[in-house]
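Colleague:
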Amino acid sequence: MKQRFYTLFLLVPLFLFGCKEDTPAPAIDTDHTYTYLALGDSYTIGESVAEADRWGVLLAGLLRESGVDVGNPYTIARTGWTTSELSSAIRKEGLKQQFDLVSLMIGVNNQYRKQSISTYRSEFRELLQTSISLAKGDPSNVIVLSIPNWAATPYGSNFNREQITEEIAAFNAVAADEAQKADVTFVNITSFSEKAAEDRSLVASDGLHYSGKMHLEWAKLAFPEAQNALK
Numbered sequence: 005m006k007q008r009f010y011t012l013f014l015l016v017p018l019f020l021f022g023c024k025e026d027t028p029a030p031a032i033d034t035d036h037t038y039t040y041l042a043l044g045d046s047y048t049i050g051e052s053v054a055e056a057d058r059w060g061v062l063l064a065g066l067l068r069e070s071g072v073d074v075g076n077p078y079t080i081a082r083t084g085w086t087t088s089e090l091s092s093a094i095r096k097e098g099l100k101q102q103f104d105l106v107s108l109m110i111g112v113n114n115q116y117r118k119q120s121i122s123t124y125r126s127e128f129r130e131l132l133q134t135s136i137s138l139a140k141g142d143p144s145n146v147i148v149l150s151i152p153n154w155a156a157t158p159y160g161s162n163f164n165r166e167q168i169t170e171e172i173a174a175f176n177a178v179a180a181d182e183a184q185k186a187d188v189t190f191v192n193i194t195s196f197s198e199k200a201a202e203d204r205s206l207v208a209s210d211g212l213h214y215s216g217k218m219h220l221e222w223a224k225l226a227f228p229e230a231q232n233a234l235k
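The opening residue of the sequence shown carries number 5 in the working numbering; numbering runs sequentially from there.
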């Protein structure tokens, strides 16, 4: 099976851009003791940064440096995806393998497209159960990362930043609540994402997504929980 990486451009109206062709990537990395599956959208695929600078890849590197022999993530993510689109992609992928670690980071496009909180809750809950299922049925092998607050980016200045911040907080509250109910660890990276308002080195060249520097900070925040999951 080959890994598929998908790219669009996030958060700008999707009709303005075409979809790039999928780029084949190596199969699931089984040359290490532990395997890792990363599920999400542009923040997981690392829109506007090199593959080596994606937070999931950086997280795997931090884990290896600490003595945890985990491979780089097998990634199912695409810029622009909502919860329903991610769910559809996972089903289409037809994964047969179980993973030792699964990360889930999804919801910004639900917020951007003005989808309801109730729809997000239902679909996010389903994704959590799918993640647990793919993590050998063990909730402790799953970590959820919160949605970054893109209001703090230069692109966010084109919108009502206060409203965006409130909406992101509402979606994150749902994700945190559902994660708690499922006994899944929730990692808050939103607060750090807001530092982009003062430090533009945390923002990618497109003015919307985040730089490798920001991705590294997310990896550091997720590291203790991922390390615990793989003990």
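Where a beta carbon is used, it is the ideal one built from N, C-alpha and C, also for glycine.
Which residue comes first and which comes last in the alpha helix (DSSP H) that contains G216?
Modeller: Element bounds for G216: G216 to A233.
Colleague: By a C-beta neighbour count over all protein chains shown, 10 Å radius and 16 as the cutoff for buried, is Q167 buried or exposed?
Modeller: By the neighbour-count rule (16 or more Cβ atoms within 10 Å), Q167 is not buried but exposed.
Colleague: Could you tell me whether the Cβ atoms of I110 and I94 are closer together than 7 Å?
Modeller: Against a cut-off of 7 Å, the Cβ pair of I94 and I110 comes out as no contact.
Colleague: Quick one: which unbroken beta strand (DSSP E) runs of 3-plus residues sit fully inside the segment 46-100? Chain order, please.
Modeller: The segment 46-100 contains these whole beta strand (DSSP E) runs: 78-81.
Colleague: Check whether the Cβ atoms of Y38 and D104 sit closer than 7 Å, and answer yes or no.
Modeller: Yes, Cβ-Cβ distance for Y38 and D104 is below 7 Å.
Colleague: What separation, rounded to the nearest whole angstrom, lies between the Cα atoms of L90 and E202?
Modeller: Approximately 32 Å, taken between the alpha carbons.
Colleague: Looking only at its chain, what residues have a beta carbon closer than 6 Å to the beta carbon of A54, apart from the 5 residues adjacent to it on each side?
Modeller: Nothing meets the Cβ criterion.
Colleague: With three or more beta-carbon pairs closer than 8 Å as the criterion, would you say the segment 52-68 touches the segment 211-228?
Modeller: Judged by Cβ distances under 8 Å, the segment 52-68 makes contact with the segment 211-228, as three or more pairs qualify.
Colleague: Taking only the alpha-carbon atoms, compute the straight-line gap between E51 and S137 and give it to the nearest angstrom.
Modeller: Going by the C-alpha atoms only, they are around 27 Å apart.
Colleague: If V178 sits next to F128, beta carbons under 8 Å apart, how far is it from one beta carbon to the other, in whole angstroms?
Modeller: Contact flag correct, Cβ pair sits at about 7 Å.
Colleague: Quick check on the DSSP output: the beta strand (DSSP E) that includes F190 runs from which residue to which?
Modeller: That run of the beta strand (DSSP E) goes T189 to V191.
Colleague: Assuming I147 and A56 form a contact by the criterion Cβ under 8 Å, report the distance between their Cβ atoms to the nearest whole angstrom.
Modeller: I147 to A56, Cβ: 21 Å. No contact.
Colleague: Write down the C-beta distance between S46 and G84 rounded to the nearest angstrom, noting that I regard them as a contact closer than 8 Å.
Modeller: Yes, they are in contact, since the Cβ atoms of S46 and G84 sit about 7 Å apart, within 8 Å.
Colleague: Who are I147's beta bridge partners in DSSP?
Modeller: S107 and T189, per the DSSP bridge assignment.
Colleague: Apart from the five residues on each side of it in sequence, which residues of its chain come closer than 7 Å, Cβ to Cβ, to P77?
Modeller: Excluding residues within five positions, the ones whose Cβ falls inside 7 Å are Y40, L41, A42, G60, V61 and A64.
Colleague: Taking the Cβ atom as the reference point for each residue, do T87 and L131 lie within a distance shorter than 7 Å?
Modeller: Yes. Within cutoff.
Colleague: Are the beta-carbon atoms of S150 and T189 separated by less than 7 Å?
Modeller: Taking 7 Å as the Cβ cut-off, S150 and T189 do not qualify as a contacting pair.
Colleague: Mapping DSSP to helix, strand and coil, what is Q208?
Modeller: Here residue 208 is Ala; the residue named in the question, Gln, does not match the sequence. A208: coil per DSSP, three-state reduction.
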